[in-house]
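Last residue of the sequence shown: 627 (UniProt numbering), numbering continuous. All C-beta atoms, glycine included, are put in the ideal place defined by N, C-alpha and C.
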Amino acid sequence: MTVNATPTAPVIGVITSPTCAVSTGSVALSGLPSGNWSIVTNPVTVTTLGSGTSTVIGNLAPNTYTFVVSNSVTGCTSPASLPAIVPVLVTNSWSGSGWSSGTPTADQNIIFLADYTSSTGSSGNLTACSCQVNLTAKVTIKTGATLAITNSVAVASTASLKFEDKASLVQINDNAVNSGKITYERISPQMKDQDYVYWSSPVFGQKFSTLSLGTFSYFAFNIATNSWLHAADNMETGRGYIIKARNAGPFPYDQKVVFQGIPNNGALTLSTPTKFDEYILVGNPYPSALFADDFLRGNSTILEGTLYFWTHITPLGLQGGKLNYASVDYATYNFTGGITPGQGTGSGSGSDSPLGYIAAGQSFFVNAKLGGAQVTFNNSMRASGQNGQFYRQSKTRKAATIEKNRVWLNLTNKEGAFKQILVGYIEGATDEYESMFDGISLNGNAFINFYSILKDKKLSIQGRAIPFRENDLVYLGYSSEIAGDFTIGIDEVDGLLADHAIYLEDKVMGVIHDLRQKGYTFTTAKTDGIDNRFVLRYTNKTLGTGEFEITGDVVTIALENKEIQINISNQIIDEVYVYDASGKLLYQKEKIGNSKWRIANLKLSNQVLIVKVVLDSKHIETKKVIY
Numbered sequence: 001m002t003v004n005a006t007p008t009a010p011v012i013g014v015i016t017s018p019t020c021a022v023s024t025g026s027v028a029l030s031g032l033p034s035g036n037w038s039i040v041t042n043p044v045t046v047t048t049l050g051s052g053t054s055t056v057i058g059n060l061a062p063n064t065y066t067f068v069v070s071n072s073v074t075g076c077t078s079p080a081s082l083p084a085i086v087p088v089l090v091t092n093s094w095s096g097s098g099w100s101s102g103t104p105t106a107d108q109n110i111i112f113l114a115d116y117t118s119s120t121g122s123s124g125n126l127t128a129c130s131c132q133v134n135l136t137a138k139v140t141i142k143t144g145a146t147l148a149i150t151n152s153v154a155v156a157s158t159a160s161l162k163f164e165d166k167a168s169l170v171q172i173n174d175n176a177v178n179s180g181k182i183t184y185e186r187i188s189p190q191m192k193d194q195d196y197v198y199w200s201s202p203v204f205g206q207k208f209s210t211l212s213l214g215t216f217s218y219f220a221f222n223i224a225t226n227s228w229l230h231a232a233d234n235m236e237t238g239r240g241y242i243i244k245a246r247n248a249g250p251f252p253y254d255q256k257v258v259f260q261g262i263p264n265n266g267a268l269t270l271s272t273p274t275k276f277d278e279y280i281l282v283g284n285p286y287p288s289a290l291f292a293d294d295f296l297r298g299n300s301t302i303l304e305g306t307l308y309f310w311t312h313i314t315p316l317g318l319q320g321g322k323l324n325y326a327s328v329d330y331a332t333y334n335f336t337g338g339i340t341p342g343q344g345t346g347s348g349s350g351s352d353s354p355l356g357y358i359a360a361g362q363s364f365f366v367n368a369k370l371g372g373a374q375v376t377f378n379n380s381m382r383a384s385g386q387n388g389q390f391y392r393q394s395k396t397r398k399a400a401t402i403e404k405n406r407v408w409l410n411l412t413n414k415e416g417a418f419k420q421i422l423v424g425y426i427e428g429a430t431d432e433y434e435s436m437f438d439g440i441s442l443n444g445n446a447f448i449n450f451y452s453i454l455k456d457k458k459l460s461i462q463g464r465a466i467p468f469r470e471n472d473l474v475y476l477g478y479s480s481e482i483a484g485d486f487t488i489g490i491d492e493v494d495g496l497l498a499d500h501a502i503y504l505e506d507k508v509m510g511v512i513h514d515l516r517q518k519g520y521t522f523t524t525a526k527t528d529g530i531d532n533r534f535v536l537r538y539t540n541k542t543l544g545t546g547e548f549e550i551t552g553d554v555v556t557i558a559l560e561n562k563e564i565q566i567n568i569s570n571q572i573i574d575e576v577y578v579y580d581a582s583g584k585l586l587y588q589k590e591k592i593g594n595s596k597w598r599i600a601n602l603k604l605s606n607q608v609l610i611v612k613v614v615l616d617s618k619h620i621e622t623k624k625v626i627y
């Protein structure tokens, strides 16, 4: 007869509790018989086979468990182990005087049973696994604070959950289903008479008629006709709209917009037009900011990579000649960075450039490069905080996480006309057109346009390859409905360009100007576009020509009886060019081979001309004359 020893009861070790992300726990067991064994878990009666003196039993829902081990060779079974408790997630309740389990954590379910008002800013942030607002509790998340919930948000019909302007509701689980309505407030930038703001709804079920805007002028963008149509009452998730200022003043005023509905969450889609290369008005569908880069990456196969934000800066028309040409334009953003439309101050700081976040309630234009597809949104694109940029003052750009060497240039005049462009040497970019780094200039500015040129494209943002090359040349162009003096100047620089020389070459005037010293001022007539006058460069040497100067010789350029007279002693005139104030070539003569030259019979009157003289030494002289 063989007598086999009964195995001892398994010894309970570390118990791993469920978390919000992982709904089951585990129990570590030791003291198991050597060789092969089987363990029965009760009360669910699950058998686990294995070997060795220890193991971990996982996938255990919250409950109280015991374990019995059997020797697979002898068949002998141990007594039951001591109870092992796999706990449920903590429910942390707010009763009005405090939390039942201390400050909430990401692995707790929170329940509001009484009124609650958070602090403002990040000190008011709350994090939890799920959130319920019960009974008649009135919960307010103050401006700048974030309620971050992994799973669902449920609001009883007798309770309320309100988010003030710039507050955020962030959720992680795309499959979480919300119930009950929230109130989400946004305050627009100052509205002027006949002004529009671009909006989208962060909640499901929102109607224009209940927004309390004091206006019935709300429109959707019609792609087929490239025009605006009066929108249906229901706001579509992910769709952008424009809403007009109320009819009655006083103006300007801040407009509070109140959204009420079930908070949007998870994977959402919006159909694109059936044709490609069409601009669509898209809106942030969540009650939190979006990371613009993540949105662009997630839609890179169907969308061009530049976002356009209308800034509703209407012409001010002030008296006294100041700000008569305040610019109306798009703030623009892509992987290279963002540019501002300014506010006619010439500083570029009046309306801040996009910093890489799309605020809740904000809509924007983007170009569909693939027809009939769907724009997608999901929770991985959402940002905690960073929800304040609905086009108000901000002078701090988002810090770069990849190598970026950038220069922002402004084209301005003293009457308030303003246009900004960005040229950057960016990790991942090339010198060819790429929509994620290069942004087309939409020319929404009523008075001037300013752009860099890449082959046949006019760009408001141009990303170029790294490493940065100081002999790189970037051609710049402009158009203007205004005649007069304009200035091209540096607004901001970063990366390697923060300490590098930056020049502007004027090919008409034969000048290479140091933009680090001051902006470059030139005179222009009205023009539909001049694309061959200016070059952004990083050295002041013209390749292959050397440097020349006239010693003791003076080029004289004079106007007498409508005849332009050019004279120089001891040198030879090789070429002469005459341009109008916009840079348009009116006259040219090459291979002159004389020290004197006269130009007559120009059929012009009462305008500024630029005369450019090239000597056989390759020295260039320019002068303005009034013809």
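Query raised in the report: Assuming residue 203 contacts residue 260 under a Cβ cut-off of 8 Å, what Cβ separation, rounded to an integer in Å, is found between them?
Result: 7 Å
Requested in this report: Could you say which of 188, 207 and 116 lies nearest to residue 198 if we only look at CA atoms?
Outcome: 188
Query raised in the report: If we call anything under 8 Å between Cβ atoms a contact, is residue 265 one with residue 379?
Result: Against a cut-off of 8 Å, the Cβ pair of residue 379 and residue 265 comes out as a contact.
Report task. With DSSP as the reference, label residue 31 as helix, strand or coil. Result -> Coil, per DSSP.
Query raised in the report: Going by other Cβ atoms of all chains shown within 10 Å of its Cβ, with 16 needed for buried, is residue 470 buried or exposed?
Result: exposed
Query raised in the report: If we ignore side chains and look at the alpha-carbon of each, how far apart do residue 37 and residue 14 end up?
Result: 21 Å
**Report entry** Cutoff 6 Å; reference residue 6; Cβ partners in own chain excluding five residues on either side
**Finding:** 76
Query raised in the report: In whole angstroms, what is the alpha-carbon distance linking residue 43 and residue 64?
Result: Answer to the nearest angstrom: the Cα atoms are 8 Å apart.
Query raised in the report: Is it a yes or a no for the region 506–515 touching the region 428–442, going by three-plus beta-carbon pairs under 8 Å?
Result: no
**Report entry** Which residues DSSP lists as bridging residue 54, in chain order
**Finding:** Per DSSP, the beta bridge partners of residue 54 are 30.
Query raised in the report: What residue range is occupied by the uninterrupted alpha helix (DSSP H) comprising residue 528?
Result: Segment 527–537 is the beta strand (DSSP E) holding residue 528; no alpha helix (DSSP H) there.
Query raised in the report: What number of angstroms, rounded off, separates the C-alpha of residue 530 from the C-alpha of residue 477?
Result: 5 Å
Query - Cutoff 7 Å; reference residue 16; Cβ partners in own chain excluding five residues on either side - result: 25 and 26
Query raised in the report: Among 236, 409, 233 and 440, which one has its Cα closest to the Cα of residue 330?
Result: 440
Report task. Could you tell me which of 337, 252, 117 and 302 sits nearest to residue 368, measuring between CA atoms? Result -> Minimum Cα distance to residue 368 is reached at 302.
**Report entry** Span of the beta strand (DSSP E), counted from its first residue to its last, around residue 580
**Finding:** 573–580
Query - Closest by C-alpha distance to residue 466, when choosing among 487, 423, 417 and 502 - result: Closest option to residue 466, Cα to Cα, is 423.
Query - CA-to-CA distance, residue 586 to residue 611, given in whole angstroms - result: 10 Å
Query raised in the report: Between 41, 238 and 99, which lies nearest to residue 365 when the distance is taken from Cα to Cα?
Result: 238
Query raised in the report: Does the Cβ of residue 159 have 16 or more other Cβ atoms within 10 Å, making it buried, or fewer, making it exposed?
Result: So residue 159 counts as buried.
Query raised in the report: Opposite residue 513 in the DSSP bridges: which residues?
Result: Paired residue(s): 504.
**Report entry** Endpoints, beta strand (DSSP E) assigned at residue 437
**Finding:** Premise fails: residue 437 is in no beta strand (DSSP E) and is neither H nor E.
Query raised in the report: Based on the DSSP output, what are the partners of residue 262 in its beta bridges?
Result: 204
Report task. Take residue 614 and list the residues in its own chain whose beta-carbon comes closer than 7 Å to its own, dropping the five residues that flank it on each side. Result -> 574, 575 and 620
Query raised in the report: Does DSSP put residue 210 in a helix, a strand or coil?
Result: helix
**Report entry** Distance between residue 453 and residue 315 (C-alpha atoms, nearest Å)
**Finding:** Note that residue 315 scores a pLDDT of 40, beneath 50, so its modelled location is shaky; the value from the coordinates is reported in the next line. If you take the alpha carbons of residue 315 and residue 453, they lie about 28 Å apart.
Query raised in the report: CA-CA distance, residue 450 and residue 408?
Result: For residue 450 and residue 408, the distance between alpha carbons rounds to 12 Å.
Query raised in the report: Under a three-way DSSP split, which group does residue 570 fall into?
Result: coil
Report task. Specify, as a first and last residue, the run of the beta strand (DSSP E) that residue 484 falls within. Result -> 484–493
Query raised in the report: What whole-angstrom Cβ distance do residue 421 and residue 337 have, given they're in contact under 8 Å?
Result: Contact doesn't hold; Cβ gap of about 11 Å is too wide.
Query raised in the report: Is it the case that the Cβ atoms of residue 538 and residue 503 are separated by a distance below 8 Å?
Result: yes
Query raised in the report: Residues in its own chain within less than 7 Å of residue 176 by CB, not counting five upstream and five downstream?
Result: 151, 152, 265 and 266
**Report entry** Pick from 278, 210 and 145 that is closest to residue 288, judged by C-alpha positions
**Finding:** Checked all of 278, 210 and 145; the closest Cα to residue 288 is 145.
Query raised in the report: Looking only at C-alpha atoms, which of 335, 418 and 596 sits nearest to residue 425?
Result: 335
Report task. Taking residue 96 as the reference, give the member of 114, 79 and 102 with the closest Cα. Result -> 114
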